[in-house]
Structure formats: C-alpha cells, structure tokens
Amino acid sequence: MEGTVEQAKSGDRQALASLVSEHYARVYRFCARRVGPELAQDAAQETFLTMQKAIRRYESKSAFPTWLLGIAHNHCRNISRKRRMDPAPLDNWFEHNEPSHNPSDPIVNREALRCALAELSPEHREVVLLHEIEGLRYLEIAEILGIPEGTVKSRLHHAFLNLRTNLVGGMV
Amino acid sequence: MSYREDLKAYLDGELPVARATEIAHALETDASLRREYEQLQSICSAVQAGAKEISIEGYELTLSKVSASPRHSLFSKAGRNLALGGVLSIIIAAVWAWNAGTPIAWTFAPEEGATKSVPTASAPEGEAQSKSASPIFAEKKDSRRYTQQETVTNVAPGYVPSVEEVVINVDDLENGENSVRATGQMQAAAVQSVVKRGNERVVTLRVDKTKADTLVRDLRNLVFVPSPAKERAAYANPGANMEVERHAGRMGPGSGLGAPVPDAVKADGPKMGAPKALSKSAGSTRLSDATTKREKKPAETKTIVVVLRVIPKAPAAAKTGH
Chain A
61 MEGTVEQAKS GDRQALASLV SEHYARVYRF CARRVGPELA QDAAQETFLT MQKAIRRYES
121 KSAFPTWLLG IAHNHCRNIS RKRRMDPAPL DNWFEHNEPS HNPSDPIVNR EALRCALAEL
181 SPEHREVVLL HEIEGLRYLE IAEILGIPEG TVKSRLHHAF LNLRTNLVGG MV
Chain B
4 MSYREDLKAY LDGELPVARA TEIAHALETD ASLRREYEQL QSICSAVQAG AKEISIEGYE
64 LTLSKVSASP RHSLFSKAGR NLALGGVLSI IIAAVWAWNA GTPIAWTFAP EEGATKSVPT
124 ASAPEGEAQS KSASPIFAEK KDSRRYTQQE TVTNVAPGYV PSVEEVVINV DDLENGENSV
184 RATGQMQAAA VQSVVKRGNE RVVTLRVDKT KADTLVRDLR NLVFVPSPAK ERAAYANPGA
244 NMEVERHAGR MGPGSGLGAP VPDAVKADGP KMGAPKALSK SAGSTRLSDA TTKREKKPAE
304 TKTIVVVLRV IPKAPAAAKT GH
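What follows is the structure, encoded as structure tokens:
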C-alpha cells in the first residue's frame with residue numbers, strides 16, 4: 061500500500077483509484093455510523109476528494125487508513141455541526157431490535173446494552189464506537205480524535221465501567 | 004494503578020508486556036478480578052454483535068469523480084478567496100471611478116424652463132454657492148451679499164409672484180413706518196419684519212391674498228409719491244419677476260419669518276438690469292430648481308414689501324441760486 065500511496069502522491073490516477081477501491085467501504089461505513097446512510101455517500105466522496113488534494117502533504121507519520129479516517133472524521137464532524145446532530149448517534153451504528161417472542165433470545169440483554177450505551181456521554185460512546193465497532197487501536201483513535209492515547213484508554217475504561225455497572229443483573 | 008483500571012486495556016491487548024504479565028498473574032489469583040474481566044469480555048462481545056450492518060453505496064460515483072477531475076491548487080480555498088478579493092477590488096474601483104467622473108449636475112438636472120440664479124463677478128462662485136445652500140438666517144451675518152446683483156432668466160410660464168413691492172418716498176421714516184403699520188392693520192396684515200438700512204426702512208407685510216390688492220392700493224395712496232415707473236417696469240421684466248420669485252422663496256410660507264429683505268428684491272434702481280449669463284454652478288441650479296418648485300404651488304397669502312425711502316433734500320445753495 062505504501063507504494064500505491066507514493067504513486068498517488070506523484071499524481072498517478074491509477075494509484076488514486078486503487079486507494080479509493082481499497083478504502084471506500086471502510087470509509088463509507090465509518091461515515092454512515094456517524095452521519096447516517098443518507099449523508100454517508102457525500103461524506104465519503106468528500107473524504108476521497110480531500111484525500112486527492114492533500115495526499116501530497118501525507119508524511120506517513122500515521123498509517124494511511126488512519127489518516128484517511130481522520131479526514132472522514134472531520135467531514136462528519138462538520139456535517140454534524142451544521143445539522144446540529146449528535147456526533148455518533150446510537151441509531152446509526154447499534155441494532156435496534158424489536159421485542160422477540162422467544163424468552164431465551166438474548167434480545168433483552170441487547171436492549172439493556174442499548175440503554176446503557178445511550179446513557180454514556182458522547183465522548184465515551186465515540187471511543188466505544190471507534191474501538192469496538194471500527195476495530196481501531198488506541199493509538200489510531202488518538203490520532204483520529206486528536207487526543208492523547210492515555211485519554212483514549214481512560215475513556216474506554218470509564219465507559220465500560222459504566223456499562224458494566226448498568227448491566228449487572230440484567231445481562232450478566 | 005490498580006489492576007482493575009488496566010483490565011480493559013489488558014483485554015484489548017494495549018498494555019506493555021510487563022504490565023500485561025502482572026495482570027495475567029493477578030487474574031489467576033483474584034477470583035473477583037477474573038469475574039470482572041469476564042463481564043468486560045461479555046459486554047465487548049455484545050457491543051460488537053450489536054453493530055449494524057451497513058451496505059456500501061456510491062462507490063462508482065466517488066471513483067469516477069476522483070479519477071475524472073483532479074483538483075488543482077488554483078482552486079483551493081486560498082485561491083478562491085484571492086480571486087474573490089480581486090473581483091471585489093475591481094468592482095469597488097469601478098464604482099469609485101464612475102462616481103468620481105460623473106458631474107453632480109447629472110444627478111440634479113434642472114427641468115426645462117426652470118429658473119437659475121447666478122452670482123455676479125462681484126462675488127466669488129464658492130461664496131455664492133454657500134449663500135445658496137445656507138439657511139436664511141445666516142444671510143443676516145453678511146449684508147454685503149445683498150448688494151450682489153443677481154440675474155435670472157427662464158421664468159416659468161404662468162408664474163404669479165407672491166411678493167409685491169411698494170416703494171414710498173417719505174420725509175420721516177418713523178412716521179412712514181407707523182402709517183404702513185396702520186394701513187396694514189386695516190387689511191389684517193401681519194408685519195413680518197422691519198429692516199432699517201441707511202436712509203431706507205423695509206417693512207415686510209403678509210396679508211391674505213384676497214386683500215393684497217386693496218392693501219397695495221392703500222399703501223400707494225398713503226403718501227403722495229406713487230411707486231416710480233421703474234418699479235412697474237421691473238415687474239413687467241421677467242428678470243425682475245425672478246428676483247421677486249427668489250425673494251419669495253425665502254419669505255414664502257414655511258420658509259421662516261423675519262428674514263431681512265435683500266436689495267435685489269427692490270424693483271427700482273440700476274440693480275434690475277438686463278439678464279446676465281447663467282452660471283454652471285450646480286449648487287445654484289439646485290436651489291433655483293427647488294425654489295421654482297415651491298413657487299409653483301398656490302400661495303394663500305401674499306407678501307408686501309414696503310420700502311420707505313427718505314427723499315434727500317435739495318442743497319441750500321441751489322435754492323439760493325434760484
């Protein structure tokens with residue numbers, strides 16, 4: 061991938077297309093979980109157009125996917141601000157299950173989990189989303205959000221402490 | 004730091020090896036810590052299992068946009084701002100140049116047939132303009148302005164002056180003024196101003212328009228010397244009419260009372276000569292234009308300017324000579 065990035069930096073359109081093909085799905089999901097599927101296409105498109113303009117300034121200090129998700133994060137944040145939306149609404153990334161008739165179905169626990177997630181602060185919910193759903197590591201989350209890695213670790217610890225406290229007796 | 008605070012990081016594999024080894028050992032020995040660890044595992048699994056499925060859309064469109072039109076630095080935000088600033092500068096410069104090159108008279112073009120007043124050579128143009136633009140009471144400060152001869156032309160057709168002047172030669176100004184006042188009271192005229200000037204006294208009366216003719220007749224019969232022929236000639240002269248019109252603009256309804264009467268208003272004397280050339284002064288043009296518009300309105304009252312003048316007595320030597 062580094063070679064493709066270098067080619068794209070030199071203006072190779074084929075390399076740019078390769079980068080789009082390789083990362084579009086991840087970027088689109090990232091955007092959809094933040095701004096919803098209606099706006100995700102525009103956000104993803106803007107992310108890649110920004111990538112095209114700014115790729116000459118990419119210095120490989122962070123991984124290319126992290127750099128790309130950082131661009132996507134900024135676009136999504138701007139969209140959320142303009143529309144005065146929650147930066148990562150729970151409905152966009154966590155399943156909302158309808159009540160089931162099967163008492164053995166773990167849906168009750170999922171609903172409890174959903175309620176517990178909804179009670180988290182936006183900052184805590186954001187790191188949970190990035191780590192548990194997007195599968196990013198602490199350092200990557202720190203680079204995307206622009207916060208220290210220790211803050212990411214602390215936020216995750218407190219987020220799961222709150223989740224566990226709320227879910228004791230319900231799920232566990 | 005307690006093991007519990009690092010439990011989530013341990014679960015995520017984000018701890019250094021030494022710390023991870025410590026926690027692993029603690030988990031083997033501490034049952035409650037192990038139970039907490041298992042709860043965290045369950046929650047993580049539940050969160051990941053609850054993630055929404057998202058179908059990908061818009062890939063082809065994005066790919067075509069990225070492949071088709073690479074964005075150049077010329078169209079970056081800074082470039083756009085620079086271009087916008089340049090366009091705005093050009094517009095501002097054009098507007099400024101347009102305004103600077105446009106004569107003022109263009110905006111205040113006088114109507115056809117409008118009157119125009121002109122300062123004579125005795126008064127500088129700038130001074131005349133300031134006179135035209137200044138309020139009426141400011142004219143009291145400089146009586147020299149009243150001696151400036153002003154000439155007007157292009158009197159609007161159908162113009163009827165709302166000011167009439169009567170020149171009366173008297174022996175005594177005080178007696179003459181009292182007689183004028185008494186005569187005016189008979190026609191319910193109001194004395195607007197009395198201006199004393201050398202061997203003259205100018206009494207300005209305002210009277211109802213229907214009684215104006217009677218008052219003028221009474222005033223002319225008041226003393227034995229009727230208005231000189233020059234006066235009648237002046238009123239017959241369009242230029243003279245215009246002098247009266249300009250005066251009426253200052254003294255007319257709504258223009259303020261008690262203003263001094265300029266000499267130019269007088270119908271007699273050499274000041275009411277032939278019309279002179281028009282000035283190109285925009286300020287004078289505007290004033291005359293506005294004055295004419297005011298004068299075209301029907302006046303409910305009429306202003307009578309009575310000039311009382313002391314007749315100089317013949318020298319004694321001349322008498323003895325006879």
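In order, the protein sequence lines correspond to chains A and B. Its first residue numbered 61, the first sequence is counted upward by one per residue in my numbering. Its first residue numbered 4, the second sequence is counted upward by one per residue in my numbering. Glycine included, C-beta positions come from ideal geometry on N, C-alpha and C.
Inter-residue spacing [alpha-carbon to alpha-carbon] between residue i and residue j
| i | j | result |
| --- | --- | --- |
| B/ARG204 | B/THR304 | 22 Å |
| A/TRP127 | B/GLU41 | 34 Å |
| B/VAL313 | B/VAL169 | 14 Å |
| B/ASP174 | B/THR213 | 31 Å |
| B/VAL69 | A/ASN138 | 21 Å |
| B/PRO54 | A/VAL95 | One point to set straight first is that residue 54 of chain B is Ala, not Pro, in the sequence displayed. Rounded to whole angstroms, B/ALA54 to A/VAL95 spans 15 Å at the Cα level. |
| B/ARG223 | B/ILE171 | 7 Å |
| A/GLU66 | B/LEU66 | 19 Å |
| A/THR110 | A/LEU76 | 12 Å |
| A/GLU209 | A/LEU199 | 6 Å |
| B/GLU17 | A/VAL187 | 14 Å |
| B/ILE139 | B/GLN195 | At B/ILE139 the pLDDT is 38, less than 50, meaning the model places this residue with poor confidence; the figure from the coordinates comes in the next sentence. Those two C-alpha atoms are separated by around 14 Å. |
| A/GLU119 | B/ALA100 | 50 Å |
| B/ALA191 | B/VAL310 | 19 Å |
| B/GLN44 | A/HIS218 | 15 Å |
| A/SER122 | B/LEU36 | 35 Å |
| B/LEU87 | B/VAL98 | 17 Å |
| B/ASP9 | B/THR24 | 12 Å |
| A/THR225 | B/PRO19 | 27 Å |
| A/LYS213 | B/SER92 | 53 Å |
| B/THR32 | A/ARG117 | 51 Å |
| A/PHE90 | A/ALA132 | 8 Å |
When the options are compared against residue i, the one with the closest alpha-carbon
| i | options | result |
| --- | --- | --- |
| B/GLY201 | B/LEU176, B/GLY187, B/LYS214 | B/LEU176 |
| B/LEU225 | B/GLY89, B/LYS55, B/ARG184, B/ASP33 | B/ARG184 |
| A/ARG197 | B/VAL313, B/LEU14, B/MET4 | B/LEU14 |
| A/GLU82 | A/GLY96, A/GLU62, A/PRO97 | A/GLU62 |
| A/VAL215 | A/ALA202, A/ALA85, A/ALA176, A/LEU99 | For the sequence presented, residue 215 of chain A should be read as Arg rather than Val. Closest option to A/ARG215, Cα to Cα, is A/ALA202. |
| A/VAL80 | A/LEU99, A/GLN112, A/ALA100 | A/GLN112 |
| B/ASN181 | B/VAL197, B/ARG7, B/ASN84 | B/VAL197 |
| B/THR306 | B/GLY187, B/LEU36, B/SER165, B/ASP221 | B/SER165 |
| B/SER5 | B/ILE26, B/ALA21, B/PRO19 | B/ILE26 |
| A/LYS69 | A/THR107, A/ALA114, A/TYR88 | A/ALA114 |
| A/PRO149 | A/LEU180, A/PHE124, A/ASN169, A/ALA132 | A/LEU180 |
| A/ASN222 | A/GLY195, A/ARG185, A/ILE207, A/GLY206 | A/ARG185 |
Integer-rounded CB distance, given that residue j should sit under 8 Å from residue i
| i | j | result |
| --- | --- | --- |
| A/ASN134 | A/ALA92 | About 16 Å separates the two Cβ atoms, so there is no contact after all. |
| B/ILE59 | A/ALA85 | 5 Å |
| A/LEU129 | A/ILE204 | 5 Å |
| A/LEU173 | A/LEU227 | 6 Å |
| A/PHE220 | B/ILE57 | Rounded, the Cβ-Cβ distance is 24 Å, inconsistent with contact. |
| A/GLN105 | B/GLY89 | Contact flag wrong, Cβ pair sits at about 30 Å. |
| A/PRO147 | A/PRO182 | 6 Å |
| A/VAL87 | A/THR64 | Not really, about 16 Å apart at Cβ, beyond 8 Å. |
| B/LEU218 | B/GLY179 | Contact flag wrong, Cβ pair sits at about 16 Å. |
Coil, strand or helix - residue i by DSSP
| i | result |
| --- | --- |
| B/ASP211 | strand |
| A/LYS121 | coil |
| A/LEU223 | helix |
| A/ASN152 | helix |
| A/VAL187 | helix |
| B/ASN172 | strand |
| B/ALA192 | coil |
| B/ALA311 | Checking the sequence, you will find Leu at residue 311 of chain B rather than Ala. Strand at B/LEU311. |
| B/GLU39 | helix |
| A/VAL228 | coil |
| A/ARG170 | helix |
| A/GLU194 | coil |
| A/GLU66 | helix |
| B/LYS68 | helix |
| B/LYS199 | strand |
| B/ARG204 | strand |
| B/GLU167 | strand |
| B/LYS305 | strand |
Within 8 Å of chain B by C-beta, residues of the region 185-213 of chain A in sequence order: VAL188, HIS191, GLU192, ILE193, ARG197, TYR198, LYS213
Contact set between the region 79-99 of chain A and chain B, restricted to residues whose Cβ is under 8 Å from the partner: VAL80, SER81, TYR84, ALA85, TYR88, ARG89, ALA92, ARG93, PRO97
Contact set between the region 45-66 of chain B and chain A, restricted to residues whose Cβ is under 9 Å from the partner: SER45, ILE46, CYS47, ALA49, VAL50, GLN51, ALA52, GLY53, ALA54, LYS55, GLU56, ILE57, SER58, ILE59, GLU60, GLY61, TYR62, LEU64, THR65, LEU66
Interface positions of the region 17-43 of chain B facing chain A (Cβ-Cβ less than 8 Å), listed along the chain: GLU17, GLU39, GLN42, LEU43
Against chain B: residues of the region 108-126 of chain A by CB proximity under 7 Å: PHE108, LEU109, GLN112, LYS113
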